[in-house]
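Enquirer: Before anything else, here's the structure in question.
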Amino acid sequence: MKHLLSVADLTRETATELLDEADRFEQALLGREVKKLPTLRGRTVMTVFFENSTRTRVSFEVAGKWMSADVINVSASSSSVSKGESLRDTAMTLRAAGADALIVRHPASGAAHQIAAWTKGQGDGAGPAIINAGDGTHEHPTQALLDAVTLRQRLGDIEGRRIGIVGDILHSRVARSNAILLSTLGAEVVLIAPPTLLPVGVSGWPVRVSHDIDAELPSLDAVLMLRVQAERMNGGFFPSAKEYSITYGLSQKRMDLLPEHAVVLHPGPMLRGMEIASSVADSPRTAVLQQVTNGVHVRMAVLFRLLVGSDGGAL
Ligand code: CP
Numbered sequence: 005m006k007h008l009l010s011v012a013d014l015t016r017e018t019a020t021e022l023l024d025e026a027d028r029f030e031q032a033l034l035g036r037e038v039k040k041l042p043t044l045r046g047r048t049v050m051t052v053f054f055e056n057s058t059r060t061r062v063s064f065e066v067a068g069k070w071m072s073a074d075v076i077n078v079s080a081s082s083s084s085v086s087k088g089e090s091l092r093d094t095a096m097t098l099r100a101a102g103a104d105a106l107i108v109r110h111p112a113s114g115a116a117h118q119i120a121a122w123t124k125g126q127g128d129g130a131g132p133a134i135i136n137a138g139d140g141t142h143e144h145p146t147q148a149l150l151d152a153v154t155l156r157q158r159l160g161d162i163e164g165r166r167i168g169i170v171g172d173i174l175h176s177r178v179a180r181s182n183a184i185l186l187s188t189l190g191a192e193v194v195l196i197a198p199p200t201l202l203p204v205g206v207s208g209w210p211v212r213v214s215h216d217i218d219a220e221l222p223s224l225d226a227v228l229m230l231r232v233q234a235e236r237m238n239g240g241f242f243p244s245a246k247e248y249s250i251t252y253g254l255s256q257k258r259m260d261l262l263p264e265h266a267v268v269l270h271p272g273p274m275l276r277g278m279e280i281a282s283s284v285a286d287s288p289r290t291a292v293l294q295q296v297t298n299g300v301h302v303r304m305a306v307l308f309r310l311l312v313g314s315d316g317g318a319l
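If you're matching positions, the sequence shown starts at 5 in our numbering and goes up one per residue.
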């Protein structure tokens with residue numbers, strides 16, 4: 005495995021190995037006062053974010069530092085991109101500066117794939133490992149992996165579980181990556197959204213589609229709530245925010261429709277009062293902060309797999 009660009013590239017076996025590795029990193033760090041493993045000493049990891057981020061950027065940085073890598077953060081606003089430098093020149097510059105891994109977030113779908121093609125080995129050594137940290141409305145592979153780790157911890161297993169993904173599927177890279185990965189791992193995925201917030205090609209996804217959240221909740225093992233991505237909607241969306249909140253928002257009353265064992269996930273950032281009520285967001289049934297913690301372990305597992313390999317003895 006050279007890059008992590010799409011969860012569609014992961015077999016069930018490889019995905020399970022990554023989830024297991026993430027759990028092993030969690031166990032290895034448990035109770036340690038000094039969270040530092042020598043695993044990636046001498047390796048250089050660069051995060052390159054052309055869109056804002058809190059969770060993904062920080063957890064990649066923490067993951068790299070906990071494995072003793074040198075971690076360098078590049079943001080578009082403080083780099084020469086703001087002077088007009090192209091994406092290709094930026095990527096090739098970071099490659100030449102010694103990146104072993106480039107973690108890329110970009111508003112264009114396919115940007116990480118393009119960077120992998122530009123930076124691959126050209127006679128001057130292998131190019132860096134490219135990790136897609138979110139490309140437009142396409143994919144967010146490490147988010148899906150950390151969601152799967154969280155679901156395994158909360159539910160025991162994923163095989164045969166029914167998992168609802170609710171909300172703005174149209175603009176969500178999290179929805180696509182989760183739909184693919186959870187199906188690969190044997191779950192039944194139900195997309196629950198108004199017709200206006202579903203992508204045109206959704207009939208090709210490995211999912212069932214529903215427009216009725218109240219009918220679906222009682223049979224779900226988990227529900228993944230999505231943020232409504234107003235910034236990708238050119239100024240407006242239908243239904244209105246108020247209609248959306250009433251029709252699809254996870255209120256306390258709606259959460260009570262879930263079976264007792266069911267868990268609520270949200271990738272963050274949450275819009276409290278829009279897709280999720282504050283009381284639901286803060287409920288012990290909601291795993292939002294557990295997802296963030298698992299995000300560090302998953303990103304450790306991914307960096308380890310890409311930079312050391314599957315037989316390197318991570319711990
Ligand atoms: N879930 C997620 O990608 O959050 P950030 O945008 O804060 O990284």
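Note that CB positions come from ideal geometry on N, CA and C, so glycine has one too. Just so we're clear, the structure is a prediction, and the values are computed from it rather than from any experiment.
Just to confirm, is the Cβ distance from M237 to L254 under 9 Å?
Expert: For M237 and L254, no; Cβs fall outside 9 Å.
Enquirer: Hey, T154 and L269 are a contact pair by Cβ (cut 8 Å); roughly how many whole angstroms apart?
Expert: About 6 Å separates the two Cβ atoms, so the contact holds.
Enquirer: Pull up the distance between the alpha-carbon of D27 and that of A226, whole angstroms please.
Expert: One C-alpha to the other measures close to 20 Å.
Enquirer: Among the candidates V312, L310, Q295, whose CA atom is the shortest distance from the CA of S63?
Expert: Cα-wise, what sits closest to S63 is Q295.
Enquirer: What are the boundary residues of the beta strand (DSSP E) that includes L106?
Expert: Its beta strand (DSSP E) spans residues 105-110.
Enquirer: Hey, how far is the Cα of G171 from the Cα of A191?
Expert: Rounded to whole angstroms, G171 to A191 spans 19 Å at the Cα level.
Enquirer: Jot down the residue ranges of each uninterrupted beta strand (DSSP E) in the region 240-292, minimum 3 residues, whole runs only, in chain order.
Expert: Taking only runs of at least 3 residues, the beta strand (DSSP E) segments lying wholly in the region 240-292 are 267-269.
Enquirer: Express the C-alpha separation of D218 and A148 in angstroms, rounding to a whole number.
Expert: Each residue's alpha carbon lies about 25 Å from the other.
Enquirer: G253: beta carbon under 8 Å from a heavy atom of the ligand CP?
Expert: It does not: the Cβ of G253 is nowhere closer than 8 Å to a heavy atom of the ligand CP.
Enquirer: Which residues mark the beginning and the end of the beta strand (DSSP E) in which L155 is found?
Expert: Careful: L155 lies outside any beta strand (DSSP E), inside the alpha helix (DSSP H) at 145-159.
Enquirer: Can you grab the Cα-Cα spacing for the pair A285 / V78, in whole Å?
Expert: Distance between the alpha carbons of A285 and V78 is about 32 Å.
Enquirer: Work out the CA separation of Q118 and H142 for me, nearest whole Å.
Expert: If I take the Cα positions, the gap works out to 13 Å.
Enquirer: Quick check on S81: buried or exposed, where buried means 16 or more other Cβ atoms within 10 Å of its Cβ?
Expert: It is exposed - the Cβ of S81 has fewer than 16 other Cβ atoms within 10 Å.
Enquirer: For L310, I'd like the list of residues in its chain whose CB is within less than 8 Å of its CB, leaving aside the five on either flank, ordered along the chain.
Expert: Within the same chain, L310 has close Cβ partners M5, K6, H7, L8, A105, A133, I135.
Enquirer: Just checking M272 against the ligand CP - is the residue's beta carbon closer than 8 Å to any of the ligand's heavy atoms?
Expert: Looking at the sequence shown, residue 272 is not Met but Gly. Yes; taking the cut-off as 8 Å, the Cβ of G272 has a heavy atom of the ligand CP nearer than that.
Enquirer: Helix, strand or coil, according to DSSP, for R231 in the structure here?
Expert: Three-state DSSP puts R231 in coil, outside helix and strand.
Enquirer: Quick one: Cα of R16 to Cα of L150, how far?
Expert: Answer to the nearest angstrom: the Cα atoms are 15 Å apart.
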